[in-house]
Structures are given as structure tokens and as C-alpha cells.
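For the record, in the sequence shown the residue sitting at position 153 is 153 according to our numbering, with numbers rising by one throughout.
Glycine included, each C-beta is placed from N, C-alpha and C at the ideal position.
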Amino acid sequence: MTTKIILDVDTGTDDAVALMTAALSPDLELIGATTVNGNTGIDSTTENTLRVFEWIGMPQVPVHRGMSRPLSRPQMTQINPATRIHGDLLDLPAATIKAQPGHAVDWLIETLMASDGDITLVPVGPLTNIAMAIQKEPAILAKIPEIVIMGGAHDHGNSTASAEFNIWLDPEAARVVVNCGRPIRMVPLDATHRALVSLEDCARLRALGTPAGEAAARFTEKRIEGYDATQPMHRAGAAPVHDALAVCAIIDPSVITTHFIPVDIETGGFLSDGRTVCDFRFRSRKPANVHFAMDADEPKFVRMLLEILGRTA
Ligand code: RIB
Ligand code: CA
Numbered sequence: 001m002t003t004k005i006i007l008d009v010d011t012g013t014d015d016a017v018a019l020m021t022a023a024l025s026p027d028l029e030l031i032g033a034t035t036v037n038g039n040t041g042i043d044s045t046t047e048n049t050l051r052v053f054e055w056i057g058m059p060q061v062p063v064h065r066g067m068s069r070p071l072s073r074p075q076m077t078q079i080n081p082a083t084r085i086h087g088d089l090l091d092l093p094a095a096t097i098k099a100q101p102g103h104a105v106d107w108l109i110e111t112l113m114a115s116d117g118d119i120t121l122v123p124v125g126p127l128t129n130i131a132m133a134i135q136k137e138p139a140i141l142a143k144i145p146e147i148v149i150m151g152g153a154h155d156h157g158n159s160t161a162s163a164e165f166n167i168w169l170d171p172e173a174a175r176v177v178v179n180c181g182r183p184i185r186m187v188p189l190d191a192t193h194r195a196l197v198s199l200e201d202c203a204r205l206r207a208l209g210t211p212a213g214e215a216a217a218r219f220t221e222k223r224i225e226g227y228d229a230t231q232p233m234h235r236a237g238a239a240p241v242h243d244a245l246a247v248c249a250i251i252d253p254s255v256i257t258t259h260f261i262p263v264d265i266e267t268g269g270f271l272s273d274g275r276t277v278c279d280f281r282f283r284s285r286k287p288a289n290v291h292f293a294m295d296a297d298e299p300k301f302v303r304m305l306l307e308i309l310g311r312t313a
């Protein structure tokens, strides 16, 4: 039985691998993608998403353009569009297909309200679209079986010492989502940094001989160069592909290890703004609300990528 999902993306290089994995997996039915401001501006995250679907021969997957800035914070994108890990526009041919008319938030609401309550939301960028949809039409909550988020960090951040980028860019949106009352799995840096993809893996991806394998190899090699230069992992020549791990966790939940705990988002901190506050010892006396991943099965993750990205549309 396939799982219906909607991917909410700020396409960048790891979002691109997540989109291809979701679109090509026989275990998932990708209903559509919604785009949000994040790794780069909304025009580029939308163009990049369109490029990815066209590249793998799946132009029929609907793409809806979403929020161009955070709920209330000043407009920020990842440091600058030319970050060495993402860049601005993906190295793929310019899209000849267009985004669907209308706003992503409205499409999310319409689609969820018309559904049988069987569409999992998979946000892998800042949570602005999801929070806006919940605030605009709270009735969608009853229609959401699960939200699987790439975001957050317990041990260490990447945008600051305390915060991971997707949460840091729009902490108010993240707070709305983690407190929405629906089942939530979070795939934070604590898990994604334990599921690295290496240069040798990129050679294996390229050897698949598929459009998805080739693009995933190219994007991940760019990520590895950027990580080695700017935020080296525990081993050189390898990098996390954060968003793809969130997608793989839906296909095979055993690829991550989670703890069901109370999690909330710091929105008023000075040094800890945007931190996912993980209450492992239940000091807050609050009920658990998030299945928070603290580990991942790296060999299984790489095997899944090789298996799925070796497929064609
Ligand atoms: O911190 C990693 C996350 O921030 C990933 O989703 C990446 O694409 C960026 O959005
Ligand atoms: Ca992302």
C-alpha cells in the first residue's frame, strides 16, 4: 500500500534529492509539492522544484508557489543564495513547465479538506506554509494523519549554535506546527548528521545511469565540497542529505531512531532563538508531542537512495 504525501520544499540541493526520491519511490504517491522561501528566495525555490520534476521526466507533478517570507520575522534567506551547499538556481536545464495557479497555502487547504484524511505532510524547509494553512483553516488538522518534518536540532545547530536552519528562519511558524496536536515525527540534525553520503556513494549513484542518480550525485558532490569547506562533518568527503532522510523515514521508519518527548520552539531567546527544546526528562510536565529522531541507519539510507534513484519515470 502506498503512502500519499505532499512535500513542502525550499529547493536547494537536498530538497532536490528528496523530491526525486519521493517521486520515484513505489511506496509513495507524491500528490504535489509546495514551495517556500528558505535556502533561497521563493522564485528560485519554485523554479528549482520545477526543474527537478522535468529532469526526471515527471512534469505532471503539480508544484504550487508558497510563502515568500517568514510569518513575522524580517525576510532572511540562507546567508546568501550563493551558499556553497545550495547556490541559487540548481544546475539543471531551465524549466519549461510552470507552477500551478493560486497560492500553495490555499491548495494545501483545499486538497486536505477534500481528502480522506490520508495525506502525510512532509515539510523539509521553513514551516511558513504549513503554519499559515493551519492558522487560516484549523479544520485541516483533523485531515492530517502525520507531519514528518526535516528540521530541528538537540545537540548542535547549523545556522547558530542553538538552531537548525528550517526552524531558525521562521521560529513562530515552527511553534505553531509542533504544537498543532497532530502526530509529528522530526528528523533533526542529530539524525541527518549520522546518515552521511560519501563521494564513493556519489560514484555509485552516477553509475546507476539514471537522470535521478546522475543529478543526486552532482548535487551531493556539491554539498560535500561545501560541507568540507564550511562545516566539516565527522569524516571528510561526506555530507548529510537532510531532506531525503525525512522522505526515506516514511518509506521505512526503521531508517531513523526516535524518542517520543515534549518538544517546543524557542521564539524569544537571544542566543537560543529558534532552538528545538527537547524535554527528554519531562521536566516541563507537558505530554510528549514529537517523535524526535536522535539516530539514523546510514548504510540503510544509502541503500534506499541507490535503489530508488536507480528507477526512471
Ligand atoms: O538545516 C538543513 C535544512 O535547511 C535542509 O532542509 C536544507 O535544505 C535547508 O533547508
Ligand atoms: Ca530544505
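Taking the alpha helix (DSSP H) that residue i belongs to, which residues open and close that run?
i	result
Met304	Glu298 to Leu309
Ile140	It is not in any alpha helix (DSSP H) - Ile140 carries neither H nor E in the DSSP assignment.
Ile109	Ala104 to Ala114
Taking residue i as the reference, which of the options has the closest Cα?
i	options	result
Leu189	Ile97, Gly209, Ala153 and Arg218	Ala153
Pro62	Leu71, Ser68 and Val52	Val52
Ala212	Thr2, Lys4 and Ala18	Ala18
Thr13	Val277, Thr49 and Arg185	Thr49
Ala195	Ala246, Cys180 and Ile167	Ala246
Is residue i near ligand 1 - that is, is its Cβ less than 7 Å away from at least one heavy atom of it?
i	result
Asn392	Since the first residue shown for the chain is 1 and the last is 313, residue 392 is missing from the structure and cannot be characterised.
Asp190	no
Asn179	no
Asn158	yes
Pro150	Per the sequence presented here, residue 150 reads as Met, with Pro not at that position. Under cutoff, so the answer is yes.
Asp14	yes
Would you check whether ligand 2 has a heavy atom nearer than 7 Å to the C-beta of residue i?
i	result
Asn37	no
Asp10	yes
Asp88	no
Val122	no
Asp243	yes
Asp170	no
Gly125	yes
Where do the N-terminal and C-terminal ends of the beta strand (DSSP E) with residue i fall, by residue?
i	result
Val324	Residue 324 cannot be examined here, being either before or after the span of the chain that is shown, 1 to 313.
Arg175	Arg175 -> not in any beta strand (DSSP E); alpha helix (DSSP H) instead, spanning Pro171 to Val178.
Would you list the one or two residues that DSSP bridges to residue i?
i	result
Thr120	Ile5
Met132	In DSSP, Met132 forms no bridge with anything.
Ile149	Met186
Query - Sequence ranges, alpha helix (DSSP H) only - wholly within the stretch 3-81, length at least 4 - result: 13-24 and 42-55
Query - beta strand (DSSP E) runs wholly inside the stretch 250-298, at least 3 long, in chain order - result: DSSP runs (the beta strand (DSSP E)) wholly in the stretch 250-298: 256-261, 263-265, 276-278 and 290-296.
Query - Ranges of the alpha helix (DSSP H) found wholly within the stretch 211-251, counting only runs of at least 4 - result: 211-230 and 242-251
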